[in-house]
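Chains A and B, in that order, are what the protein sequence lines are.
Numbering (numbering that gives the first Met the number 0) for the first sequence: 0 to 189.
Numbering (numbering that gives the first Met the number 0) for the second sequence: 0 to 433.
From the three backbone atoms N, C-alpha and C, an ideal C-beta is built for every residue, glycine too.
Remember, it's a predicted structure, so these values are computed and weren't measured experimentally.
Read through the structure below, which is laid out as C-alpha cells, and then see the notes.
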Amino acid sequence: MRAIETYTRVVRWFSKLLLYTSSVILLIMMFSTVADGFLRYLIHFPIAGVIELNEAFIVAVIFLCLSWTQIRKEHVFVELFTKNMPPRKREIVTVIGLFLGLVVFAALTYQAFMAAYEAWEIGDFRQGAVRFPLWPGKATIALGAATLCFELISEILQGMVKILSGGEDQDSSPKQGDGLCDSVLNSAAE
Amino acid sequence: MYTTIVSIIAILVLLFLICMRMPVAFALAFVGLGGVIALQGVDCALGLLFSIPYESTASWVFICVPLFVLAGQLALYADISTDAYDIGNKLFGRLPGGLAIGTIIGCGFFAATSGVSVATAATMGSIAIPEMEKHGYDPKLATGSVAAGGLLGIMIPPSVPLVLYGFITEQSIGALLIGGIIPGIMTIVVFSLGVVVMVMLNPRLAPLGDVSSLKEKIRALPKAWRFLLIIGVVIGGIYSGVFTVTEAAANGAFCAFILLLLRHGKNSFKVMPQALALAGTVTSMVFIIMLGATFFTTFLSLARIPHNVTTFMTSLDVSPYTLLALVLLIYIPLGMFLDTVSIMLITLPIVFPIIQALNFSGIWFGILMIKMCEIGLITPPVGLNVYVISGIAKNVDLTDIFRGASRFIILEFITLGLLILFPQLVLYLPGLLR
Numbered sequence: 000m001r002a003i004e005t006y007t008r009v010v011r012w013f014s015k016l017l018l019y020t021s022s023v024i025l026l027i028m029m030f031s032t033v034a035d036g037f038l039r040y041l042i043h044f045p046i047a048g049v050i051e052l053n054e055a056f057i058v059a060v061i062f063l064c065l066s067w068t069q070i071r072k073e074h075v076f077v078e079l080f081t082k083n084m085p086p087r088k089r090e091i092v093t094v095i096g097l098f099l100g101l102v103v104f105a106a107l108t109y110q111a112f113m114a115a116y117e118a119w120e121i122g123d124f125r126q127g128a129v130r131f132p133l134w135p136g137k138a139t140i141a142l143g144a145a146t147l148c149f150e151l152i153s154e155i156l157q158g159m160v161k162i163l164s165g166g167e168d169q170d171s172s173p174k175q176g177d178g179l180c181d182s183v184l185n186s187a188a189e
Numbered sequence: 000m001y002t003t004i005v006s007i008i009a010i011l012v013l014l015f016l017i018c019m020r021m022p023v024a025f026a027l028a029f030v031g032l033g034g035v036i037a038l039q040g041v042d043c044a045l046g047l048l049f050s051i052p053y054e055s056t057a058s059w060v061f062i063c064v065p066l067f068v069l070a071g072q073l074a075l076y077a078d079i080s081t082d083a084y085d086i087g088n089k090l091f092g093r094l095p096g097g098l099a100i101g102t103i104i105g106c107g108f109f110a111a112t113s114g115v116s117v118a119t120a121a122t123m124g125s126i127a128i129p130e131m132e133k134h135g136y137d138p139k140l141a142t143g144s145v146a147a148g149g150l151l152g153i154m155i156p157p158s159v160p161l162v163l164y165g166f167i168t169e170q171s172i173g174a175l176l177i178g179g180i181i182p183g184i185m186t187i188v189v190f191s192l193g194v195v196v197m198v199m200l201n202p203r204l205a206p207l208g209d210v211s212s213l214k215e216k217i218r219a220l221p222k223a224w225r226f227l228l229i230i231g232v233v234i235g236g237i238y239s240g241v242f243t244v245t246e247a248a249a250n251g252a253f254c255a256f257i258l259l260l261l262r263h264g265k266n267s268f269k270v271m272p273q274a275l276a277l278a279g280t281v282t283s284m285v286f287i288i289m290l291g292a293t294f295f296t297t298f299l300s301l302a303r304i305p306h307n308v309t310t311f312m313t314s315l316d317v318s319p320y321t322l323l324a325l326v327l328l329i330y331i332p333l334g335m336f337l338d339t340v341s342i343m344l345i346t347l348p349i350v351f352p353i354i355q356a357l358n359f360s361g362i363w364f365g366i367l368m369i370k371m372c373e374i375g376l377i378t379p380p381v382g383l384n385v386y387v388i389s390g391i392a393k394n395v396d397l398t399d400i401f402r403g404a405s406r407f408i409i410l411e412f413i414t415l416g417l418l419i420l421f422p423q424l425v426l427y428l429p430g431l432l433r
C-alpha cells in the first residue's frame, strides 16, 4: 500500500512538472506569434523560425499535459451507463478500460521513442526558412506518453487494491466525465 | 466478407468500451489499431504508431486551439464576463424576461472571446443566476437561459470545434469561423424572442426588471470597449484578412492578457498558471481524441466503410434534403451521451463524404452540425451545459434545469430550420472574405 502511494506521489509530481513546462511553452507560443506578426507588418521582417518552433511546441503542449489531464479525469469519458453499477463492478470495468488504454499508450511510447531516436540519428529536420530539427517534438511525445503510462499503472494498482479489498468505494458520487466542467467551475467560482 | 465482419465487430466493441467508462480517446485508439491489425497486420499498426502522433498534431493551424481557450480564460479573470452581463442587462432589462435576455446577449458577447461552450455557460451562470434569483425569476427560466446561452460559445467565433471541423474536412477555417457569426446572432435573436413569448404567456416566470434610465444605459456602454477590443482583434482580424486564424488567436490572447494586467496589476500573475493549465489540459483532451480518431479513421478507410456508406446512401431514391435530415438526426442520440468534439471526430469521416457527394457546402454543413451538437449539450440524460449549471445553481433540481433548457431546444430547432431553408444566412459572410 505504502509503496503504491509513494509511487503515485512521484508520478503526480512529475506530471505537474510537465504541466508547468507546457504552460511556459504556451506563453512563448503566444508572445512569439504576436511578435512575429507585428514585425512582419511593421518592418516586413518576420522572425525566422517562429512557425517551425511553434509546430514543435503544439506537439509538446498536447503530450506534456497528457498525464495531468488523466489525473484530473479530464479525458472525456461516458458515465451514464455505469453510474448505477455496484461500486465493485464499476471499479472492475474501469480497471479493464485503463489497462486497454495502457496497452495502446505503452506501444505508442515505444514507437514514439524510436521515431525520436531515428530523427535524431539521421538529423531529420523540417523543411522551411530555418533548419529546425524534428527530434525534440517527437521526444516530447515519448516523454508525455510514458508519463501517462506510469499514471495509468498507478490508477490500475489503486483500482486493484479497491477491488481486492472488497470494493469499498470512497468516491461513490458519480462524477460527470467531461473534462471541462471541473476546472471551469473552479475558475468560475473564484 | 471478412472486412465486413471485422468492421461490425470493431464498431460494436467501440460503443461497448465507450459505454463502459473507457476514455473516448483511448477506446478510439484501441479499436482503431485493433482493426488495423486485423486487416493489415501488426506491422501496419506499429507504423501508424510511429508516424501519426507527430504528423497529426504538428500543425501551425492547431496553435490557435490552446490560444483561443487561453484568451477566453484570461478574459474571464479580467472580469470581462461581468461587463458583458451588465451591458446586456442595462440595455434589455426592461423587456419581459429582460434579465434572461440580457444574460443570453451577455453570453453572446462573452462567446466572442471564448471557444468552448461549457466555459461560457459556467462563467455567465455564476454571475447571472444569483441576479435572476434575487429578482424573483422562475428558477427554470433562470438556469435554462444560461444553459442555452452558453451554447453560443461554440457557434460565435472563436470556436474550437469549428477549427477541428475545418482541419478534418479541409474547409477554410477562417470561412467557417466567419460563417458562424450570422447563425450566432440569429440564435440570440430567436432565444430572446422566445423568452419574451414565454414571459408574455406566463408573467409569473419573470417579474419586470429595474428600469435603467437612458443615462445609465449610455453610461454602461463604455464598459464594452474591452470585449469589443478582443472581438475586433479576433473576428475583425480574420475577416479583414489582417490575421490568419492562428495569429488572431495569439493576438486575442495577448489582448486579454494586457486587459488582465490593466485590471488586476500584479495579482494577474497569480491567476495566470490556472488559465495556462486549463488551456493546456483542454488542448490535450481535444487532441488525444483527435489522435484516437485518426487511428479509428485509418481503420475505417482500410475497411472502405466511408466509401461504402456513401455509395449506399446516394443510391437511395430519396431527395438530398431527406438524406441531409437523416444525417443530422444521427446527432441527436449521439449528443445525448457524447461531447461535441468526440461526436464530430467519430462521425465526420463517414458523414462528410456523403455531404460532399450530395453537393452540399461543407461550410454550411459545419454550422448545421455545430447546431446539432449544441442541441445535444442541453438534452438529457447527459447535457453537459445543464450539468455545469447544476454545479452553480445548487438549489435548483437537475430535472428543473433540463425542463428549463428544453424550451430552448424548440427554439434551437426553429433556428436550425431557418439555416437549412436559407443557406445564405451561413454562406453570405464567408463569401465576402478576401
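| Item | Value |
| --- | --- |
| 6 angstroms CB neighbourhood of Thr293(B) in its chain, flanking five on each side removed | Ile51, Ser55 |
| Between the CA atoms of Phe29(B) and Tyr109(A) - distance to the nearest angstrom | 16 angstroms |
| Boundaries (first-last residue) of the alpha helix (DSSP H) holding Ile388(B) | 383-391 |
| Contact the region 93-109 of chain A vs the region 309-317 of chain B: 3+ CB pairs below 8 angstroms | no |
| Close Cβ partners of Gly251(B) (< 6 angstroms) along its chain, the five nearest in sequence each way excluded | Ala70, Ile229, Val232, Val233 |
| Cα-Cα separation, Val381(B) to Leu337(B) | 8 angstroms |
| Three-state class that DSSP yields for Pro132(A) in the structure shown | strand |
| Cβ shell of Leu347(B) (< 6 angstroms), same chain only, five flanking positions each side left out | Ile167 |
| Phe124(A) (DSSP reduced to helix, strand or coil) | strand |
| Interface residues of the region 251-285 of chain B facing chain A [CB-CB below 7 angstroms] | Ala252, Phe253, Pro272, Gln273, Leu275, Ala276, Leu277, Ala278, Gly279, Thr280, Val281, Thr282, Ser283, Met284 |
| Burial state of Pro221(B), where buried means 16 or more other Cβ atoms lie within 10 Å | exposed |
| Alpha carbon of Ile95(A) to alpha carbon of Leu38(B), nearest angstrom | 24 angstroms |
| Glu169(B) to Pro352(B) span [Cα, whole Å] | 12 angstroms |
| Sufficient close CB pairs (3 or more, under 8 angstroms) joining the region 124-131 of chain B to the region 17-25 of chain B | no |
| Host alpha helix (DSSP H) of Cys372(B) (start-end) | 361-376 |
| Buried/exposed call for Ser144(B), threshold 16 Cβ in 10 Å | buried |
| Near-chain A residues of the region 16-32 of chain B (beta-carbon distance less than 7 angstroms), N- to C-terminal order | Leu16, Ile17, Cys18, Met19, Arg20, Met21, Pro22, Val23, Ala24, Phe25, Ala28, Phe29, Leu32 |
| Min CB distance Glu373(B) to chain A below 8 angstroms | no |
| Where Glu246(B) meets chain A, residues with beta-carbon distance less than 7 angstroms | Thr32, Gly36 |
| Closer than 8 angstroms to chain B by CB, Ile61(A) | yes |
| Short CB-CB distance (under 8 angstroms) between Phe109(B) and chain A | no |
| 8 angstroms Cβ cutoff, Thr404(B) in contact with chain A | The displayed chain sequence assigns Ala, not Thr, to residue 404(B). So, not an interface residue. |
| Spatial distance of Ala356(B) from Thr309(B) (CA atoms) | 7 angstroms |
| Thr280(B) beta carbon less than 8 angstroms from that of Thr20(A) | no |
| Close-in-space but distant-in-sequence residues of the same chain around Ala83(B) (CB under 7 angstroms, 5 per side omitted) | Gly105, Phe108, Phe109, Phe226 |
| Runs of alpha helix (DSSP H) lying entirely within the region 103-133 of chain B, each at least 4 residues, in chain order | 116-133 |
| Collapsed DSSP secondary structure at Asp78(B) in the structure displayed | coil |
| CB contact check: Ala249(B) to chain A, cutoff 8 angstroms | yes |
| Beta-carbon proximity list for Ala212(A), same chain, < 6 angstroms, skipping 5 on both sides | Nothing about residue 212(A) can be reported from this structure: the residues present for chain A run from 0 to 189 only. |
| Check whether Ala302(B) and Thr2(B) have beta carbons under 8 angstroms apart | yes |
| Cβ pair Val35(B), Leu27(B) closer than 8 angstroms | no |
| Reference Val244(B); option with closest CA among Val159(B), Leu418(B), Ser360(B) | Val159(B) |
| Alpha carbon of Thr339(B) to alpha carbon of Ala324(B), nearest angstrom | 19 angstroms |
| Cα-Cα separation, Glu436(B) to Lys88(A) | Residue 436(B) lies beyond the stretch modelled for chain B, which goes from 0 to 433, so this question has no answer here. |
| Own chain, CB closer than 7 angstroms to Trp363(B), minus 5 neighbours either side, in chain order | Pro422, Val425, Leu426 |
| Beta-carbon gap between Gly165(B) and Leu175(B) smaller than 8 angstroms | yes |
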